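> Just passing along the structure, written as structure tokens.
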Amino acid sequence: WIKVTASGRPIGDISGAHRRPYEPLFIGRFQSNPNQSQESFSRAHPVLSSIPAEPHVFASTPREHSRKPSLAGMLEKYLPKPARCLDLFARNLTQGWTSAGLEVFL
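Per the numbering used here, the very first residue in the sequence shown carries number 1; after that it's consecutive.
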């Protein structure tokens, strides 16, 4: 995700050596049967299969240093109902998600 100002400009130099205005955000899904073909998985889980495979850029104004945007709203259309989600390195709790991180309860 790229951190931008309220006017939409990156908060720093994209090619800078320190404190770049972006961070990688990895999204994965768990497939309970590793022997299941991609076609079979897609038929069984059409919503999960709609997650784009190619890289995407999410832009948001940062709330605090390195605090990623709320993922729940951005990913809602790709998640089954009810969704079972895990946020690693979380800094806050997200309703209905499992949050794991050193700063979750600070």
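Backbone N, C-alpha and C define an ideal beta-carbon position, used for all residues, glycine too.
Bear in mind that the values here come from a model prediction, so they are computed numbers and not experimental data.
DSSP on residue 88, reduced to helix/strand/coil?
On the sequence shown, position 88 is the one that residue 88 refers to. Strand at residue 88.
> Taking residue 55 as the reference, which of 74, 27, 40 and 73 has the closest Cα?
The residue labelled residue 55 in the question sits at position 55 within the sequence shown. Residue 55 has its Cα closest to that of 27, out of 74, 27, 40 and 73.
> List the whole-angstrom C-beta distance separating residue 59 from residue 2, where the pair is believed to meet the contact cut-off of C-beta under 8 Å.
Along the sequence shown, read from residue 1 onward, the residue named residue 59 stands at position 59. Along the sequence shown, read from residue 1 onward, the residue named residue 2 stands at position 2. Contact flag correct, Cβ pair sits at about 5 Å.
> What's the gap between the Cα of residue 63 and the Cα of residue 81?
As a position in the sequence shown, residue 63 is number 63, starting the count at 1. As a position in the sequence shown, residue 81 is number 81, starting the count at 1. Using only the alpha carbons, I get a separation of about 28 Å.
> In this structure, does DSSP put residue 77 in helix, strand or coil?
On the sequence shown, residue 77 is found 77 positions in, with the first residue counted as 1. If DSSP states are grouped into helix, strand and coil, residue 77 belongs with the helices.
> Take the Cβ of residue 87 as the centre, count every other Cβ of all protein chains shown within 10 Å, and call the residue buried at 16 or more, exposed below.
As a first step, residue 87 must be located in the sequence shown, where it is residue number 87. With 16 or more other Cβ atoms within 10 Å, it is buried.
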